[in-house]
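Q: Last residue of the first sequence: number 468 in my numbering, and the count goes up by one each step with no gaps. In this text, a Cβ means the ideal position worked out from N, Cα and C, and glycines have one as well. Being a predicted model, the structure only gives us computed values, none of them experimental. Can you read through this structure? Questions will come right after.
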Amino acid sequence: MSGKDQNKENKKFSKNLISWQKDFGRHNLPWQKQINPYKVWISEIMLQQTQVKTVLPFFEKFMQKYPDIKALSKSRIEDIFELWTGLGYYRRAENIYKSSQIIKNKHNLIFPSTFEEIIDLPGIGRSTAGAILSLAFNKRYAILDGNVKRVLERYFAIKAEKNIDKELWKFSENLLPKNKNDIYSQAIMDLGAIICKKKSPLCEKCPVSLDCKSFKFDLTNVIPIKRKKIIKKEKDLNYFLVVKNKNLILMQKNPNKGIWANLWCPLNFKTKDDCKKYLKKINLKPNIYHYASIKHNLTHMKLNINIYRINVENYPISEEFYWKNIYDKIATAKPFVEIIKKLTEELENENSLLFKAKKGT
DNA sequence: AACGCGGGGAC
DNA sequence: GTCCCAGCGTT
108 MSGKDQNKEN KKFSKNLISW QKDFGRHNLP WQKQINPYKV WISEIMLQQT QVKTVLPFFE
168 KFMQKYPDIK ALSKSRIEDI FELWTGLGYY RRAENIYKSS QIIKNKHNLI FPSTFEEIID
228 LPGIGRSTAG AILSLAFNKR YAILDGNVKR VLERYFAIKA EKNIDKELWK FSENLLPKNK
288 NDIYSQAIMD LGAIICKKKS PLCEKCPVSL DCKSFKFDLT NVIPIKRKKI IKKEKDLNYF
348 LVVKNKNLIL MQKNPNKGIW ANLWCPLNFK TKDDCKKYLK KINLKPNIYH YASIKHNLTH
408 MKLNINIYRI NVENYPISEE FYWKNIYDKI ATAKPFVEII KKLTEELENE NSLLFKAKKG
468 T
């Protein structure tokens, strides 16, 4: 096909998508109502590698607590972590916090509107920047998320066995319309989510099926090519619920790398023996009870988490630890939410038994 | 270019 | 149980 013809095809693609979006696209997502750059930004960060349905309750909570950049800029990182508990990819929470400080100090609390300024914010890469610029500012920038990749690979019948983002970016940019870039970006994502689904795409309802090479050559079940599956490593982890006075739990801040980086979790040792040695070292009785076992599946590993309980009367004060009251809000990783809740209930029970015993004597 | 980073929806 | 999601930052 000549360059001129290709150009014509590209125009038809965006025109069809924009027209389709008006009738069949998504218009009632919470970040689309009274749209502004702040909402688009927060939603785009939450939606990185995370399905819409999962994001919805987190987004609502976030907007209630931080309705605008000013409110967000007064936050503490711990508060954002607390709100992020269970959503995963916790680096995103940190990046939102850091960005809020940059927007306060550099941009006078106004969300920036140029590509350079936006991509300069932590946690915002080329695709998220493109999404914000098109959706919130109606500027002519491309996106390349999971939906768009799948649509492009199918439409152009690209059999990619490895990373071909460089080419896909080129395709994505070539297809951009001159106007209505806000509707177009929404349209191509909606198409991927609603029509051009990973499994059983609804080609009969697709506005661009007639020009789709995979549809034409019956390749929609082959493309996109399945990526070779990763073998999950199994990992055993040991966490220790150190309980003091039946209402305090010892929490420890994770290092700035690895899983749950910078998040507060219960005390962690490689083995139970390591924990025993440590307790002896600080003159505590090494009374450790097995408390629970949790299997936690992640994308890249399978975790077997053993939880132990230790009752102590005192504990040395240190900067890397803090005592969390069982009634305080939790800013931690998902597996510990339920465990701490369970522990809280049991401690309440133990406390009431203790109370009764005292009363009886 | 490849990898690590969470948790869960969809099938 | 498997795949992968409105990706980014690091190596």
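#1: Could you spell out the range, first to last residue, of the alpha helix (DSSP H) harbouring Gln-359?
#2: Tell me, please, whether the segment 402-411 touches the segment 339-359 by the rule of three or more beta-carbon pairs shorter than 8 Å.
#3: Would you call Ser-307 buried or exposed, if buried means 16 or more other Cβ atoms sit within 10 Å of its Cβ?
#4: Use the C-beta contact count for Ser-126: other C-beta atoms within 10 angstroms, 16 or more gives buried, fewer gives exposed.
#5: Just to confirm my understanding: we take Met-358, look at its own chain, exclude 5 residues before and 5 after, and list those with CB closer than 6 Å. What are they?
#6: Unbroken beta strand (DSSP E) runs of length 3 or more, entirely within the segment 331-410: which are they?
#7: Any contact of the segment 178-186 with the segment 204-220, i.e. 3+ C-beta pairs under 8 Å?
#8: What's the gap between the Cα of Glu-457 and the Cα of Ala-368?
#9: Inspect the beta-carbon positions of Arg-199 and Gln-155 and report whether they are closer than 8 Å.
#10: How big is the Cα-Cα spacing for Thr-192 and Ser-321?
#11: Give the secondary structure of Phe-324 by DSSP, where H, G and I count as helix, E and B as strand, and everything else as coil.
#12: Rounded to whole angstroms, what is the Cα-Cα separation between Gln-293 and Ser-279?
#13: Does DSSP classify Tyr-291 as helix, strand or coil?
#14: Considering only the beta carbon of each residue, do Tyr-291 and Phe-347 sit closer than 8 Å?
#15: Just to confirm the assignment, what range does the alpha helix (DSSP H) spanning Asn-281 have?
#16: If the criterion is Cβ atoms closer than 8 Å, does the pair Tyr-173 and Phe-218 meet it?
#17: Does the distance from the CB of Lys-335 to the CB of Glu-427 come in under 8 Å?
#18: Could you give the distance in angstroms between the alpha-carbon of Lys-246 and the alpha-carbon of Phe-263?
#19: Count the other C-beta atoms from every protein chain shown that fall within 10 angstroms of the C-beta of Lys-544, then say buried if there are 16 or more, exposed otherwise.
#20: Strictly by DSSP, which residues pair up with Asn-421?
#21: Taking all protein chains shown into account, do 16 or more other C-beta atoms lie within 10 angstroms of the C-beta of Thr-235, making it buried, or fewer, making it exposed?
#22: Just reading off the alpha helix (DSSP H) that Trp-191 is part of, what are its end residues?
#23: Applying the criterion that 16 or more other CB atoms from any shown protein chain within 10 Å of the CB defines a buried residue, is Gly-478 buried or exposed?
#24: In the structure shown, what three-state DSSP assignment does Phe-169 receive?
#25: For Phe-428, write down the residues that DSSP places opposite it in a beta bridge.
#26: Look at the Cβ atom of Val-258, then the Cβ atom of Gly-299, and state whether they are nearer than 8 Å.
#27: How would you call Pro-442, buried or exposed, if buried means at least 16 neighbouring beta carbons within 10 angstroms?
#28: Below 8 Å on the Cβ atoms is my guess for Ile-239 versus Glu-311; work out the distance and round it to an integer in Å.
#29: Nearest-angstrom Cα distance between Lys-115 and Leu-124?
A: Reading off the structure:
#1: Here Gln-359 belongs to no alpha helix (DSSP H); instead the beta strand (DSSP E) covers 355-360.
#2: yes
#3: exposed
#4: exposed
#5: Trp-371, Tyr-429 and Lys-431
#6: 340-351, 355-360, 371-376 and 395-404
#7: yes
#8: 33 Å
#9: yes
#10: 41 Å
#11: coil
#12: 13 Å
#13: helix
#14: no
#15: 272-281
#16: no
#17: no
#18: 25 Å
#19: The question about residue 544 has no answer, for the chain in this structure spans 108 to 468.
#20: Partner(s): none; Asn-421 has no beta bridge.
#21: buried
#22: 184-191
#23: No information on residue 478 is available, as it lies outside the stretch 108 to 468 that the chain covers here.
#24: helix
#25: Gln-359
#26: yes
#27: buried
#28: Not quite, the Cβ-Cβ distance comes to about 33 Å (not below 8 Å), so this is no contact.
#29: 14 Å
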